[in-house]
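Numbering (mature numbering (1 follows the signal peptide of the UniProt record, and there is no 0)) for the sequence shown: -8 to -1, 1 to 334.
For glycine and all other residues, C-beta sits at the position ideal for the given N, C-alpha and C.
Predicted, not measured: the structure shown is a model, and the values here were computed from it.
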Amino acid sequence: FTAQVAIAQDNRPEHDDTFFAKPLVEHIYTADPSAHVFGDRLYIYPSHDIDTEKSKGSADDGAHFDMKDYHVLSMDKVGGETVDHGAALKLEDIPWAKQQLWAPDAAEKNGKYYLYFPAKDKDGVFRIGVAQSDKPEGPFKPQPTPMDGSFSIDPAVYRADNGDYYMYFGGIWGGQLERWAGGSYSQTGVVLSPTDTALAPKVVKLSEDMLSFEGEVQDVQLLDENGNPLLNGDNDRRFFEAAWLHKYQDTYYLSYSTGDTHKIVYATGDNPLGPFTYQGVVLEPVIGWTNHHSITKFQGKWYLFYHDCRLSEGKTHLRTVKMTELHHQPDGSILTVDTRST
Ligand code: FUB
């Protein structure tokens, strides 16, 4: 494939040379990129995809995503060298975790760095852990137990304007959110009908020391254009996994994956805790089943970080992280990115 991407939309700037179809790194497979600017560098916290015995099949419980460590990537400018800082945290060093180091995120507070990550515990239940470091690239030292009250997958941490930190998280199907719908864990979980309100992503405030939840885990309300909750049968718009929050001008954008319809979509609101009203598509389906992203401003421009399975020729558990410039239009709407025509 070529390094240039054909753009479907008329109004995208022509010859946008910051629009890349190039993998950020090719020596390892990476996915689920969470990008942050710390100091004057861009850091990317991805999953590290590998091939194992368990990754041979593909199942609704996600067993084929059998990752065992995290690497941190960084760069000092867009288009510059992407540095792989090596293994920053290993499964074998996390006392409570048994398997499946899924999509992580990171945050900085008072010169300390925190890596948040989901993993299955010894009972096969997804929990969210936290590990600390003095450096953004790690190595990270994990807490001995998962965060109390944590469940499901895909943590994304947002620093609000007042200095409070919030974690958005959750994912249905393999992410187990259905199993917690009754308020506590049940192996079978709830089965919703298409006309039920869809399961919501979760949000919780983090404690001062960034190591635990403070207060209740809340639902993030996602509404349609008439102010009604998105329904479970609305597979093109309802939440599946990969929540991410960014603020553009005075508006909060909650973007997420629709899972089985393979899109990244977004909803907007005037409060970081919601409610959010559905707006449209950020990223059309990519090659591979999963779609997972982050959105960050770096050196004056907005970027979308995403993955696809082009390098592995379509193996869904072997993904590659990429980035492209993201355009907010004058009315605040996001110009949809479509990489399928390349
Ligand atoms: O990488 C494993 C899982 O696949 C992530 O946690 C999901 O968001 C999906 O990308």
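Annotation: Arg311 is outside any beta strand (DSSP E) and is labelled neither H nor E by DSSP.
C-alpha of Gln271 to C-alpha of Ser304: approximately 32 Å in a straight line. Taking a C-beta distance under 9 Å as the contact criterion, Ser286 and Phe297 qualify as a contact pair.
Residue environment for Ala98: buried (at least 16 other C-beta atoms within 10 angstroms of its C-beta). If you look at Ser125, you'll find it in the beta strand (DSSP E) that goes 118 to 125. DSSP places Trp94 in the coil class of the three-state scheme, outside both helix and strand.
Taking the C-beta atoms as reference points, Ile36 is found no nearer than 9 Å to Val70.
Beta-bridge pairing by DSSP links Tyr298 to Lys314. Out of Glu100, Asn220, Tyr295, the CA that lies nearest to the CA of His319 is found in Tyr295. The Cβ neighbour count for Lys114, taken over all protein chains shown within 10 Å, is under 16; the residue is labelled exposed. Assignment of Leu184 by DSSP, reduced to helix, strand and coil, places it in the coil class.
In this structure the stretch 134 to 146 touches the stretch 196 to 208; the number of beta carbon pairs closer than 8 Å is three or more. Sequence-distant Cβ neighbours of Tyr157 in its own chain, meaning closer than 8 Å and more than five residues away, are Ala99, Lys101, Val149, Tyr150, Arg151, Lys197, Leu198, Met202. The closest heavy atom of the ligand FUB lies 8 Å or more from the beta carbon of Gly261. Under DSSP, Ile326 forms a beta bridge with His320. Relative to Leu223, the option among Ala192, Glu200, Asp242, Ala235 whose CA is nearest is Ala192. The ligand FUB approaches Trp94 closely enough that one of its heavy atoms is under 8 Å from the residue's Cβ.
Taking a C-beta distance under 9 Å as the contact criterion, Asp58 and Ser47 qualify as a contact pair. At the C-beta level, Ala95 and Ser39 come within 9 Å of one another. The DSSP-derived three-state label of Thr288 is strand.
Nearest to Leu169 by alpha-carbon distance, out of Ser66, Glu84, Ile120, is Ile120.
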